[in-house]
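Sequential numbering from 2 applies to the sequence shown in the working numbering. From the three backbone atoms N, C-alpha and C, an ideal C-beta is built for every residue, glycine too.
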Amino acid sequence: MDLEDAPPRTPRARWVVRFVLLALGLGSVGFWAYGKYLAPKSPLGGPCAWAVNCGPAAPRCMRESASGEAGEGVCSRPCTVGEDCAPGIRCVSVELDERDERGVPLQGGYCVPQALIDKKRGRPAKDAASAEASQDASQGWVPVPRVAGQLEGEVTATLESGESRVVWVKGSLVRLAPASGPRVVVDAATGRSLHVDDAKATFTATSIDATGGDVLVDKTSEHDTVAGAACDVWRLTDGSARLDVCILQRGAFADPKGSLRPRWLRELGARGAFPLRAVRTDPAGKGKVVLLVTAISERPLDAALFAVPKVYRNVGAKR
């Protein structure tokens, strides 16, 4: 049949089509308006699937994937790494969707609930008695980890400078062995350092800045023994240098006396990896031991040695 011979659409059919299209349009606008202005908004640290689920105080929905499953993300906002956004909510460095001119993902500080950090690190669920025992420590300014099998005790290490450090380690927390005066507690997983004066019930929070560029990690199948402890060999590429590091996946390390730390050490801390030995090889093929643990004495340590009670006053954060 010729198009010219086809019967014209009746006016009624036209009106039906227009009505359906109008209804769909109004429904879409109404759904968008409800989600943006009327639907309940999650506060800082609350669950979300998209940014529209978050309130103005925490407008970004931080998710590990783009699937957008309900409850998968948390409402967050930018922050300064090393500071607390709110009780139980930490400011940590996260990888963003944006990339630089080299195609490398950018990083920035965002607020993340401590419970989510613990879950991502793979911490096993505690029974009721264990959870109650750790509640006091979790109420402080720095959560004290209580994870079955974590590295805990006294560690003696030689640094690249030749200096020796005797530190107490409890999971991701590191502090110098007993000394007179204020104490320094470092969360090696986040790079936050707290200078604590127990006599005055005060503390100062700082962040240990990382030096160097991006770090590539190659988890090999090799194993070794350092200071009597079995460890896994990882190969790291930090700029033009390569590092062979033997690690324990039971803690993290940072020098409590240091104001800077190499990027590779920060990368290991974020991964919950404690280096027992690190050998750096330069482009000329020359190797140098930059960190060596010489003794490990594992034993339970009181959480109070690392805890910073919530009643302590923060006298100012500095970077």
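Starting from residue i, follow its DSSP beta bridges and name the residues at the other end.
i	result
E153	K171
N315	F204
E299	G154
C112	C92
R184	V197
W235	K220 and V246
K289	R281
L160	L292
S241	Answer is none; S241 lacks a bridge partner.
V75	P48 and M63
With H, G and I counted as helix, E and B as strand and the rest as coil, what does DSSP make of residue i?
i	result
R15	helix
V148	coil
F20	helix
G56	coil
R251	coil
L117	helix
A304	helix
G270	helix
R262	strand
L25	helix
P276	strand
A228	coil
R64	coil
P44	coil
A190	coil
C86	strand
Can you have a look at residue i and say buried or exposed, based on whether 16 or more other CB atoms are within 10 angstroms of its CB?
i	result
F254	buried
L249	buried
S77	buried
A149	exposed
W51	exposed
V75	buried
D188	buried
L269	buried
R19	exposed
S181	exposed
P146	buried
A285	exposed
A206	buried
Between residue i and the ligand ADP, is the CB less than 7 Å from at least one heavy atom?
i	result
D233	Annotation note on the ligand ADP: not contained in the displayed structure, which lists no ligands.
Would the beta-carbon of residue i fall within 8 Å of that of residue j?
i	j	result
R236	T226	no
C92	G109	no
R61	E73	no
C49	C86	no
L293	A158	yes
R176	V167	no
R281	G273	no
A59	P41	no
F204	V309	yes
A242	D283	yes
V291	E161	yes
At a Cβ threshold of 8 Å, is residue i touching chain D?
i	result
T205	Among the protein chains of the structure shown there is no chain D, as only one such chain exists.
>> Three or more C-beta pairs under 8 Å: does that hold for the region 251–265 against the region 222–235?
In response: no
Original post:
For the region 141–151 against the region 305–316, are there 3 or more C-beta pairs whose distance is under 8 Å?
Top reply: yes
- Query: Counting pairs of Cβ atoms below 8 Å between the region 196–208 and the region 271–289, do you hit three or more?
  - Reply: no
- Query: Counting Cβ pairs closer than 8 Å, one from the region 294–302 and one from the region 153–165, do we hit at least three?
  - Reply: yes
Assess contact between the region 301–310 and the region 168–179, defined as three or more Cβ pairs (one per stretch) separated by less than 8 Å. Is contact present? yes
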